[in-house]
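Everything below concerns the one structure shown next.
Numbering (the numbering used here), first residue to last: 4 to 200.
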């Protein structure tokens, strides 16, 4: 520590536009293991207690995920509508980003945020236990939420992630000496059917 650093807060004279509000996206795994061990309850309670200490103009989004789907909450609706996206290969936003990110200090949505966090804390575990979850789809969806503003993503997970991509082409295996045609044929016609860059 021989060379220190100094941070200066820029004044209005040095800004072209107002600063971007801080964005926080919280993702909760809702698998059997996560709910039964108390991970979801502890994380939801901790976030609820932390919200009043976030900086002014902070925006948040709440998401959940399991082994088959990713969910995002519309915190601007009165009851915190949950949108479930089952297409984990290509997740999408069910509503415009502006309605999924809400200001923590907006009194109109503060009660909804607390209700959703309370419902997550009191969630019952699913009946089927799985040992993996689609956290990669949750990260892709959170990236869609934060793509214009940036932000911080907090993921609360306790099982191993899986890559759910059934739409990927797989190399076809052939038995030795088999005459079956694979993805690309053998012989001189193979050159004609190979993709070119």
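For every residue, glycine included, the Cβ atom is placed at its ideal position computed from N, Cα and C. On a predicted model such as this, the values are computed, not experimentally measured, just so you know.
Inter-residue distance for residue 160 and residue 129 is about 15 Å (C-alpha atoms, whole angstroms).
CA-CA distance, residue 24 to residue 113, rounds to 17 Å. Under the DSSP assignment, residue 93 falls outside any beta strand (DSSP E); it carries neither an H nor an E label.
Here residue 149 is buried. Its C-beta has 16 or more other C-beta atoms within 10 Å. As summarised for the stretch 51–80, there are no continuous alpha helix (DSSP H) elements at least 4 residues long confined to that stretch. Remark: C-beta atoms of residue 85 and residue 74 approach each other more closely than 8 Å.
Sequence-distant Cβ neighbours of residue 40 in its own chain, meaning closer than 8 Å and more than five residues away, are 161. In this structure residue 156 is in contact with residue 30, their Cβ atoms being roughly 7 Å apart against a cut-off of 8 Å. Nearest to residue 135 by alpha-carbon distance, out of 70, 144, 104, 110, is 70.
Distance from the Cα of residue 131 is smallest, within the candidate group 36, 9, 26, for 36. Going by beta carbons, residue 107 and residue 63 fall inside the 8 Å limit. Residue pairing by DSSP places residue 106 opposite 62 in a beta bridge. Rounded to the nearest whole angstrom, the CA to CA distance from residue 117 to residue 50 is 10 Å. Residue 36 carries a helical assignment under DSSP once its states are collapsed to helix, strand and coil.
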